[in-house]
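In the order they appear, the protein sequences are chains R and Y. Each residue of the first sequence is one higher than the one before, starting from -11 at the first, in my numbering. Each residue of the second sequence is one higher than the one before, starting from 5 at the first, in my numbering. A virtual CB, placed ideally from N, CA and C, is assigned to each residue, including glycine. Quick caveat: nothing in here was measured; it's all calculated off a predicted structure.
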Amino acid sequence: MSEGGIIEISDLHKTYRVGEVAIPALRGVDLTVQKGEFLSIVGPSGSGKSTLFHIIGGLAPPTSGKVVVGGQSLSALSDADRTRLRRTMVGFVFQKFNLLPNLTARDNIAVARFIAGQKGPVDSGFEEILRMLGIAGRLDHKPSELSGGEQQRIAIARAVVNRPAILLADEPTGNLDTENSQAVLELLRDLNRRLGQTVLMITHNPEAAAYGHHIVHMRDGRIIERS
Amino acid sequence: MTARLVFENMKHQPMRSLLSALLIGVPVTLILTLVGMSQGMLKDAADYFARKPHVRSAVGVLMQPVEGITMMVTGVDIPAYDAMTGGFRYVAGGDPKNPGDIVIDQYYAREKHAVVGGQITVLNRHWHVSGIIENGQMAHMVVNLSVLQDLLSATGDVNSIYLKLDNPAYIQEVKHALEADPKLKDWPIYSTEEMASMWNASNMPGLTPFIRVVEGLGVVIGFFVVCLSMYMAVLQRTREIGILKSLGASKTFILRIILLEAFGLGVGGSVAGILLSFGSYYLIGALVPASIQMKIVPQWWPIAGGITMIGAILGAMYPGLRAAAADPIEALAYE
Chain R
-11 MSEGGIIEIS
-1 DLHKTYRVGE
9 VAIPALRGVD
19 LTVQKGEFLS
29 IVGPSGSGKS
39 TLFHIIGGLA
49 PPTSGKVVVG
59 GQSLSALSDA
69 DRTRLRRTMV
79 GFVFQKFNLL
89 PNLTARDNIA
99 VARFIAGQKG
109 PVDSGFEEIL
119 RMLGIAGRLD
129 HKPSELSGGE
139 QQRIAIARAV
149 VNRPAILLAD
159 EPTGNLDTEN
169 SQAVLELLRD
179 LNRRLGQTVL
189 MITHNPEAAA
199 YGHHIVHMRD
209 GRIIERS
Chain Y
5 MTARLVFENM
15 KHQPMRSLLS
25 ALLIGVPVTL
35 ILTLVGMSQG
45 MLKDAADYFA
55 RKPHVRSAVG
65 VLMQPVEGIT
75 MMVTGVDIPA
85 YDAMTGGFRY
95 VAGGDPKNPG
105 DIVIDQYYAR
115 EKHAVVGGQI
125 TVLNRHWHVS
135 GIIENGQMAH
145 MVVNLSVLQD
155 LLSATGDVNS
165 IYLKLDNPAY
175 IQEVKHALEA
185 DPKLKDWPIY
195 STEEMASMWN
205 ASNMPGLTPF
215 IRVVEGLGVV
225 IGFFVVCLSM
235 YMAVLQRTRE
245 IGILKSLGAS
255 KTFILRIILL
265 EAFGLGVGGS
275 VAGILLSFGS
285 YYLIGALVPA
295 SIQMKIVPQW
305 WPIAGGITMI
315 GAILGAMYPG
325 LRAAAADPIE
335 ALAYE
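See below:
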């Protein structure tokens, strides 16, 4: 494992319990992600990709092993500490967009800022991101009035509005057509190249995975290859 | 931002919000209607007693309950009563002249759809309505004293005697003198004010505990209605709560949203309940004006509203705490 990674994982295990049955989802994962890296994670369903994301993003605690994100060891974090990590350190982009349906696109972004305790107008850098995403004219619409591609761009804007150290994208193109998929992938690459945003992306699609600097292959709860 | 989120949530499901507010309003209406009914009795009696200027004569009457505790037929010596009060004020018809005649007030006439010249049945007997009097004059139904005495086999008996003094300043003096009379030791003597005060909720036997029970039921019903409504709201928003948690929303933030929504529904429910109490006021006045009088009781609005608000907040606490403690991954996977 190299030093100085923004994400450092070693011998990570995660076991879910369903009644009396223990279901191992991760069986000793070792992974280092450098700051500014765009990493694609591929693998079949049940290989542990999403579980790995949930742990890195502070949505679930590890069962054992070492996970350090932005210098913080997640093994020792309480539920409240993991909540704080999600607020400041990571931004999520989901396959199903996961925008709040009752709010306009602008308010969806504003909620993320509000939760993070940020007040006042957004900085000029974020205005630039909005222009890059091409959604400046769609901010006063509710998700139901936006196309899938537009919704995912809003979700990306929401994910990066608080300038998180890491952007976690879980199948961000899974619900999009080819054209919109390509646009979203280009945007993720732009964010990575122009702003140095660290990006981890789960995908089933080999073409989408190729947008990353590196590709990690997972199977049966383990990383079997890094290319 | 929190208030906006709550407002947009409520606006997003307008029918659910409206129904919840109406359901929460029902206990408010229940409380206001019951209190209004108890105070309506006081109003009716007070109106009557307030019209007595001086006492200078005595009239014995025979009162016989016919329905409940407030519906009585009263046998009155009409000439004596006329001499004491100047007579009944009629809106139609006149005094009972024949043994089968009865006089009723406007409330009773409206409730029974009775008119002058028509028939009503009271005490298993058909009566001819000879007149309809204005409300608030002694009784809902009046017949000649001798007729009622014969009917009840109580010839020469009365069970209440009204005294009219020539100066109200002597009321206490006369009352004390009567109370000191050994022949009257078993007869309670009341001034008009005391009589009126007996007709309020706190002196009505069994009414106060009854109202307390209904108030308690109102709180319990309101509590569970709000609880169910908020539980459903939380269930519907499971995914949204997961989204908020993925954004780093704290348990306090989630709980605050749920409780604020409960507060909004509680305020809406209280307003709806107050408006519905006007509906029950109208319905009672239209359907059973003689049996029950109801009064609008604005001084009870904050009390009923407060009870509902407490129910709403406490009722939302459980689903709120559940939502706050929800697993974000499970919440995000919720369909």
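- Task: Assign Y/Met19 to buried or exposed, taking buried as 16 or more other Cβ atoms, counted over all protein chains shown, within 10 Å of its Cβ.
- Result: Exposed.
- Item | Selection of the segment 81 to 107 of chain R by Cβ proximity to chain Y, strictly under 8 Å | Answer set for the segment 81 to 107 of chain R: Phe82, Asn86, Leu87, Leu88, Pro89, Asn90, Leu91, Asp95, Ala98, Val99, Ala100, Phe102, Ile103, Ala104.
- Item | Min CB distance Y/Thr6 to chain R below 9 Å | Y/Thr6 counts as touching chain R.
- Item | Length at least 3, wholly inside the segment -7 to 24 of chain R: the beta strand (DSSP E) runs in chain order | Restricting attention to beta strand (DSSP E) runs no shorter than 3 residues, the segment -7 to 24 of chain R encloses them at -5 to 6, 9 to 21, ordered along the chain.
- Query: Applying the criterion that 16 or more other CB atoms from any shown protein chain within 10 Å of the CB defines a buried residue, is Y/Val10 buried or exposed?
  - Reply: Classification for Y/Val10: buried.
- Contact set for Y/Pro57: own chain, Cβ-Cβ below 6 Å, skip 5 residues either direction: Confidence in Y/Pro57 is poor, its pLDDT being 38 and thus under 50, which makes the residue's placement unreliable; the coordinate value appears in the next sentence. Contacts found: none.
- Kindly indicate which residue of Y/Gly246, Y/Tyr194, Y/Leu22, Y/Thr125 has the alpha-carbon position closest to the one of Y/Glu339. Checked all of Y/Gly246, Y/Tyr194, Y/Leu22, Y/Thr125; the closest Cα to Y/Glu339 is Y/Gly246.
- Message: Within 9 Å of any Cβ in chain R, is that where the Cβ of Y/Arg260 sits?
- Response: Closer than 9 Å: no.
- Message: Let's test the definition: count the other Cβ atoms within 10 Å of the Cβ of Y/Ala54 and tell me whether it reaches 16, buried, or not, exposed.
- Response: With a pLDDT of 34 at Y/Ala54, under the threshold of 50, the modelled position of that residue is not reliable, and no figure is offered here.
- Just confirm the distance between the C-beta atoms of R/Thr39 and R/Lys84, as a whole number of angstroms; I'd bet it's less than 8 Å. No, R/Thr39 and R/Lys84 are not in contact; Cβ-Cβ is about 18 Å, not under 8 Å.
- Quick one: list the residues of chain R neighbouring Y/Gly268, beta-carbon separation under 8 Å, in chain order. Near Y/Gly268 there are no residues of chain R at all, since even the closest Cβ is about 14 Å away, more than 8 Å.
- Task: Output yes if chain R places a C-beta closer than 9 Å to the C-beta of Y/Arg326; else output no.
- Result: Not one beta carbon of chain R lies nearer than 9 Å to the beta carbon of Y/Arg326.
- Item | Test: R/Arg141 CB closer than 9 Å to a CB of chain Y | Output row for R/Arg141: interface = no.
- Task: Return the residue from the list Y/Ala158, Y/Cys231, Y/Leu152, Y/Gly319 that minimises the CA-CA distance to Y/Met76.
- Result: Across the set Y/Ala158, Y/Cys231, Y/Leu152, Y/Gly319, the C-alpha of Y/Leu152 shows the shortest separation from the C-alpha of Y/Met76.
- Item | Same chain, Cβ closer than 6 Å to R/Pro194, neighbours up to 5 away in sequence not counted | Same-chain partners within the cutoff: there are none.
- Measure from the alpha carbon of Y/Leu251 to the alpha carbon of each residue in R/Leu65, R/Ile103, R/Thr186, then state which is nearest. For the residues R/Leu65, R/Ile103, R/Thr186, the minimum Cα distance to Y/Leu251 belongs to R/Ile103.
- Taking all protein chains shown into account, do 16 or more other C-beta atoms lie within 10 angstroms of the C-beta of Y/His144, making it buried, or fewer, making it exposed? Under the 10 Å beta carbon count, Y/His144 is surrounded by 16 or more other beta carbons and is classified as buried.
- Message: Once DSSP output is grouped into helix, strand and coil, what is the label at R/Pro49?
- Response: If DSSP states are grouped into helix, strand and coil, R/Pro49 belongs with coil.
- Message: Check whether chain R comes within 9 Å of Y/Phe228, counting only Cβ atoms and requiring the distance to be less than that.
- Response: At least 9 Å separates the CB of Y/Phe228 from every CB of chain R.
- Residues sharing a beta bridge with Y/Pro69, DSSP: DSSP lists Y/Met76 as the beta-bridge partner residues of Y/Pro69.
- How many angstroms separate the CA atom of R/Ser(-2) from the CA atom of Y/Glu334? Going from the Cα of R/Ser(-2) to the Cα of Y/Glu334 covers about 26 Å.
- Query: DSSP three-state call for Y/Ala96: helix, strand or coil?
  - Reply: DSSP places Y/Ala96 in the strand class (E or B) of the three-state scheme.
- Query: Can you tell me where the alpha helix (DSSP H) with R/Ala187 in it begins and where it stops?
  - Reply: A small correction: the amino acid at residue 187 of chain R is Val; Ala does not occupy that position in the sequence shown. Premise fails: R/Val187 lies in the beta strand (DSSP E), 186 to 190, not in any alpha helix (DSSP H).
- Message: Quick check on Y/Ile28 - is its C-beta less than 9 Å from some C-beta in chain R?
- Response: Answer no: the Cβ-Cβ gap between Y/Ile28 and chain R never drops below 9 Å.
- Give, in chain order, every unbroken run of the alpha helix (DSSP H) that is at least 4 residues long and sits entirely within the segment 101 to 176 of chain Y. Complete alpha helix (DSSP H) runs here, min 4: 110 to 116, 149 to 155.
- Query: Does Y/Tyr52 have its Cβ less than 9 Å from a Cβ in chain R?
  - Reply: Low per-residue confidence applies at Y/Tyr52: pLDDT is 35, beneath 50, and the placement is therefore not dependable, though the value from the model is reported in the following sentence. No, Y/Tyr52 does not count as interfacial toward chain R.
- Task: Consider the Cβ of Y/Gly273: report whether some Cβ of chain R lies at a distance smaller than 9 Å.
- Result: No, Y/Gly273 lies away from the interface with chain R (no Cβ there is under 9 Å from its Cβ).
- Message: Within 10 Å of its beta-carbon, does R/Gly59 have 16 or more other beta-carbons around it, so buried, or fewer, so exposed?
- Response: R/Gly59 should be labelled exposed.
- Query: What's the C-alpha gap between R/His192 and Y/Ser21?
  - Reply: In this structure, the alpha-carbon of R/His192 lies about 42 Å from that of Y/Ser21.
- Check the C-beta distance from R/Glu138 over to R/Ile123 and give it rounded, since I have them as a contact under 8 Å. Right, their Cβ atoms sit about 6 Å apart.
- Message: For R/Phe26, list the residues DSSP reports as bridge partners.
- Response: Paired residue(s): R/Val187.
- Message: Does chain R have any CB closer than 9 Å to the CB of Y/Lys47?
- Response: Caution is warranted here: a pLDDT of 43 is assigned to Y/Lys47, below 50, making its placement in the model unreliable, and the coordinate value is therefore given only provisionally. Y/Lys47 does not count as touching chain R.
- Item | In DSSP terms, what R/Arg210 is bridged to | In DSSP, R/Arg210 forms a bridge with R/Arg207.
- Query: For the 8 Å Cβ check, are there 3 or more pairs between the segment 81 to 100 of chain Y and the segment 126 to 140 of chain Y?
  - Reply: Yes, they touch.
- Message: So with CB distances below 7 Å, who are the chain R contacts of Y/Glu244?
- Response: Here the neighbours are Leu88.
- Whole-angstrom Cβ separation of Y/Ile165 and Y/Trp131, contact assumed at under 8 Å? Between Y/Trp131 and Y/Ile165 the Cβ distance is about 25 Å, and since that is not below 8 Å, they are no contact.
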